[in-house]
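For the sequence shown, full-length UniProt numbering assigns the number 1 to the initial residue and increments by one for each residue that follows. Note that the Cβ used here is the ideal one computed from N, Cα and C, for glycine as well.
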Amino acid sequence: MPADFPDDAARHVRDDPSAQKPASPRGLGKVIESRPDVLRGLYPPVEPFESGMLEVGNGHAIYWERCGNPLGKPAVFLHGGPGGGCSPEHRRLFDPAKYCVTLFDQRGCGRSTPHASLDHNTTWDLVEDIERLRAKFGYAQWQVFGGSWGSTLALAYAQAHVDRVSEIVVRGIFTVRREELQWYYQSGASWLFPDRWEAFLAPIPLEERGDLMRAYRKRLTHPDEAVRIEAARAWSMWEGSTITLLPDDQLTEAFGDPHYAIAFARIENHYFVHDGFLAPNQLIDGASCLRDVPGVIVQGRYDMATPARTAWALHKAWPEADFYWAPDAGHAFSEPTILHWLIEATDRFAASR
1 MPADFPDDAA RHVRDDPSAQ KPASPRGLGK VIESRPDVLR GLYPPVEPFE
51 SGMLEVGNGH AIYWERCGNP LGKPAVFLHG GPGGGCSPEH RRLFDPAKYC
101 VTLFDQRGCG RSTPHASLDH NTTWDLVEDI ERLRAKFGYA QWQVFGGSWG
151 STLALAYAQA HVDRVSEIVV RGIFTVRREE LQWYYQSGAS WLFPDRWEAF
201 LAPIPLEERG DLMRAYRKRL THPDEAVRIE AARAWSMWEG STITLLPDDQ
251 LTEAFGDPHY AIAFARIENH YFVHDGFLAP NQLIDGASCL RDVPGVIVQG
301 RYDMATPART AWALHKAWPE ADFYWAPDAG HAFSEPTILH WLIEATDRFA
351 ASR
């Protein structure tokens, strides 16, 4: 845990995170590895019935929208990155006849303002933003859905406000532990993608490559906009080029859009050099408080961005959640088998209010 952020994380660590809660009366969840013959896809496009900006303090305003049935089951969608923002495809993960889904762009990204800001932008700021939205709409509880960094934020929020959570659906599990960051940004994934890794290394001089996240931080906060944009595009396109099992050049180029990349890379890097503003192993150790919460974990077997070891650790700490392996997928929610299991999960929970 970085020395300059001890108190914030400490307030959210339970007194004895290693203590094991007794087995839940719900029983153990299923563990399934399968690619069904008939795969579910996204629901048809849907437009928000309501949207706005919420002032959350310290100069930040977050964009939010609600989609689906205004009287439907409440759910909140938590996007990835951090810094990725929401897209119209994210609305389509939920049956619009049965759900009322809240989506929002987290601080500094998407339509939220100020763009790419790092001030007052931490995990616990985002957790409280989620609570502000829940209170604004008057929900006693809601389903929490998130993938990649969204899974981090879902777990942090649920562990801090477990009584406000009806179910949890998480995909591509990421808990910002030092070993997860080292795998992707220092040495690990680079062994599988040496050509793309060269492009990631290109902005960084040889003498600074011993700590790539900090070398990138220097450039992503540089006063020269050209330096910031070069670093942001290289950082973002590394992720865009490695998150699917099969290459997707269109996705990689989308990650390289300068406006998108500057927020995505700056905010990701800001969180990662501070270990997500979390204590070591905090989200795995704290998962025992979730054992009475219905949950689904979906993980691509060949996920290079958030390798399956973390999802399996979460499963061991929260065995009551159902666990679905996607045997032919990497990290992206759009990969067919991952998408199938996510839609199955939201459909299953739609009936419970």
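| Asked | Found |
| --- | --- |
| For Ala326 and Arg214, I'd like the C-alpha separation in whole angstroms. | 33 Å |
| Whole-angstrom Cβ separation of Leu42 and Leu93, contact assumed at under 8 Å? | 7 Å |
| Assuming Lys136 is part of the alpha helix (DSSP H), what are its boundary residues? | Thr123 to Phe137 |
| How is Leu118 classed by DSSP in three states: helix, strand or coil? | coil |
| Could you have a look at Leu342 and say whether DSSP puts it in helix, strand or coil? | helix |
| Which same chain residues end up closer than 7 Å to Tyr184 when comparing Cβ atoms and leaving out the 5 residues on each side of it in sequence? | Ala305 |
| Three-state secondary structure (DSSP) at Arg66? | strand |
| Can you say whether Glu180 is buried or exposed, counting buried as having 16 or more other CB atoms within 10 angstroms of its CB? | buried |
| Would you kindly report the start and end of the unbroken alpha helix (DSSP H) that includes Gly57? | Segment Glu50 to Gly57 is the beta strand (DSSP E) holding Gly57; no alpha helix (DSSP H) there. |
| Are the CB atoms of Ala61 and Ile262 within a distance shorter than 8 Å? | no |
| Given a threshold of 16 other Cβ atoms within 10 Å of its Cβ, counted over all protein chains shown, does Asn58 qualify as buried or as exposed? | exposed |
| In the region 140-197, which residue ranges form an unbroken beta strand (DSSP E) of at least 3 residues, counting only runs that do not cross its ends? | 142-147 and 165-171 |
| Would you kindly work out how many angstroms separate the C-alpha atoms of Pro307 and Arg107, rounded to a whole number? | 26 Å |
| Identify whether Ser243 lies in helix, strand or coil by the three-state DSSP scheme. | It is worth fixing the name first, because residue 243 is Ile in this sequence and not Ser. Three-state DSSP puts Ile243 in coil, outside helix and strand. |
| For the alpha helix (DSSP H) containing Phe272, list its first residue and its last residue. | Pro258 to Val273 |
| Taking the alpha helix (DSSP H) that Val255 belongs to, which residues open and close that run? | Looking at the sequence shown, residue 255 is not Val but Phe. Segment Asp249 to Phe255, the alpha helix (DSSP H) holding Phe255. |
| Taking C-alpha atoms, which residue in Asn69, Pro36 and Ile32 lies nearest to His50? | This sequence places Glu at residue 50; His is not what is there. Of the listed residues, the one whose Cα sits closest to Glu50 is Asn69. |
| What is the DSSP secondary structure of Leu206, reduced to helix, strand or coil? | helix |
| Given this structure, state the Cα-to-Cα distance separating Phe333 from Gly147, to the nearest angstrom. | 7 Å |
| Identify every residue that forms a DSSP beta bridge with Pro74. | Cys100 |
| For my contact list, Thr152 and Leu283 are in at a C-beta cut-off of 8 Å; report their separation, rounded to the angstrom. | 7 Å |
| Note the first and the last residue of the continuous alpha helix (DSSP H) segment covering Trp312. | Ala308 to Ala317 |
| Our contact map puts residue 366 next to Ile297 with C-beta atoms below 8 Å; I'd like the distance itself, whole angstroms only. | The chain is shown from 1 up to 353; residue 366 falls before or after that span and cannot be answered. |
| Among Phe145, Gly188 and Val56, which one has its Cα closest to the Cα of Leu133? | Val56 |
| Within 10 Å of its beta-carbon, does Asp275 have 16 or more other beta-carbons around it, so buried, or fewer, so exposed? | buried |
| With respect to 7 Å, is the separation between the Cβ of Trp142 and the closest non-hydrogen atom of the ligand GDP below this value? | Inclusion of the ligand GDP in the displayed structure is not the case, the ligand content being empty and no account of it being possible. |
| Thr221 by DSSP, collapsed to three states: which one? | coil |
| Throw me the rounded Cβ distance for the Phe323 and His331 pair, which I believe falls under 8 Å. | Their Cβ separation, rounded to whole angstroms, is 16 Å, which puts Phe323 and His331 out of contact at 8 Å. |
| Since Pro205 contacts Ala234 with CB under 8 Å, what's their CB separation in whole angstroms? | Not confirmed; about 13 Å, so no contact. |
| Exposed or buried, Pro2, counting other C-beta atoms within 10 Å across all chains shown (16 or more means buried)? | For Pro2, the predicted model reports a pLDDT of 39, less than 50, meaning its position is unreliable and no value from the coordinates is stated. |
| Quick check: the Cα distance between Phe29 and Pro114, rounded to an integer number of angstroms? | The residue you asked about is not Phe; residue 29 is Gly in the sequence shown. Their Cα atoms are separated by approximately 42 Å. |
| Since Thr211 sits in a beta bridge, which residues does DSSP pair it with? | Reading off the sequence shown, one finds Asp at residue 211, where the question assumed Thr. DSSP, once it has assigned bridges, lists no residue as partnering Asp211. |
| Using 10 angstroms around the beta-carbon of Ala189, count the other beta-carbons present and answer buried if the total reaches 16, otherwise exposed. | buried |
| Taking just the CA atoms, how far does Asp95 sit from Glu268? | 30 Å |
| Quick one: residues in its chain with C-beta nearer than 7 Å to the C-beta of Pro48, no 5 flanking neighbours on either side, listed in chain order? | Glu65, Arg66 and Cys67 |
| Can Ile338 and Arg171 be called in contact, C-beta distance under 8 Å? | yes |
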